[in-house]
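The opening residue of the sequence shown carries number 1 in our numbering; numbering runs sequentially from there. Each residue gets a CB set at the ideal place from its N, CA and C atoms; glycine is no exception. Treat the numbers as computed from the prediction; the structure is a model and nothing was measured.
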Amino acid sequence: MNISMKRVGAIFIKDYKEFSRNYAVSIMLLFPIFFAFLYRGTGEPQGEIYAFILNFSLAMMTSFIQACLIAEEKERNTLRSLMMTPASMLDVLLGKSALVFTMSAAVLALSTYIYGYEPTNLPVLLFAVAVSIVLYVAVGTICGLYSRTVMEATLSVFPVLIIFTAGPYAQLFADKFPVLEAARYLPSSQLMELLGGASGTDAVEPLVVITLWAAALTAISFILYKKRLKDQ
């Protein structure tokens, strides 16, 4: 399937203009910065708090914005028109994801600087965060495609926020409820494990698990987009 960078760029610019006019959505960019200021210098384990900031921000910002942008297109019936243009599936999904990916990366980088997190392995951190952004963009795409309105998209993101943010802490109750041991394999739990001090070969498993999650959810978003295209 061919990718037209011109079409991707046009969709990126269109989304940017719509995003800049929607203050109810764009305000989400402030949450990671707010939490970075709130938790810096608290004396808590730096890696764990930073992982919480990342997990919460990715769900509340990345997934939320992506879901709302797509749901807004559906609500105004412009997504149907976009699907019928010569733009391929990859053109549309890359164009609609590029803006959210870029904004997420920039805001998380600023939040990291504000919080003062000092990674022991910068390339590993960059890779983990980049793949996590892809993962949460895919989640937002799925939520947006399943939603008929922006309000529905807003509500659909909350289970993601609760499960992925609280998932790492569910393991604390695994002794009483063994089923909660499965929460260890959530991408948010793996990210917290990675930032909690995993290094060398110990860092391989978290990176692999996060990458598998990102690949699986991206594939699901592609399949769902194709299904919506046929439904039209």
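When the Cα of residue i is compared with those of the options, which residue comes out closest?
i: I11; options: K227, I114, L90, S57; result: L90
i: Q66; options: P206, L186, V134; result: V134
i: L58; options: V204, L161, W213, L195; result: L161
i: Y115; options: L186, L207, F35, F101; result: F35
i: V129; options: T211, L145, T165, Y39; result: T211
i: T112; options: F31, D202, V208; result: F31
i: Y146; options: S104, L69, Y117, L38; result: L69
i: R148; options: R7, A71, M103; result: A71
i: L207; options: M28, V150, S132; result: S132
i: A203; options: V25, T120, G9, S20; result: T120
i: D15; options: L180, K96, V139, I163; result: K96
i: V139; options: S189, K176, F222; result: F222
i: T141; options: E75, D175, I220, W213; result: I220
i: E75; options: M151, A182, P187; result: M151
i: T218; options: F164, A174, V137; result: V137
i: S26; options: F37, S63, K6, L186; result: S63
i: T165; options: T78, L186, L155, R7; result: L186
i: P159; options: L93, A106, M60; result: M60
i: A105; options: V179, C143, L29, Y50; result: L29
i: M103; options: T201, G9, F19; result: F19
i: R7; options: F37, D175, L93, G144; result: L93
i: Y55; options: A214, E205, L191, T201; result: First, the residue type needs correcting, since residue 55 is Asn and not Tyr in the sequence shown. Measuring from the Cα of N55, the nearest candidate turns out to be L191.
i: E193; options: L155, G47, Y39; result: G47
i: T154; options: A24, F37, I13; result: A24
i: Y50; options: K226, E118, L99; result: E118
i: L110; options: S81, V100, F37; result: F37
i: I163; options: L195, L180, K226; result: L180
i: L99; options: K17, S81, F173; result: K17
i: I53; options: D175, L108, S88, I13; result: L108
i: L79; options: V209, S4, G144; result: G144
Can you name the start and end residues of the alpha helix (DSSP H) that residue i belongs to?
i: Q66; result: 64-75
i: M192; result: 187-195
i: R21; result: 5-21
i: G47; result: 46-57
i: L29; result: L29 -> no alpha helix (DSSP H), and no H or E assigned at all.
Is there a C-beta anywhere in chain D that falls below 8 Å from the one on residue i?
i: L217; result: Reference to chain D is not applicable here, since this structure consists of a single protein chain.
At 4 residues or longer, what runs of the alpha helix (DSSP H) sit wholly inside the segment 114-177? 122-146, 150-170
Can you confirm whether the segment 107-125 touches the segment 165-173 when touching is taken to mean that 3 or more C-beta pairs between the two stretches lie within less than 8 Å? no
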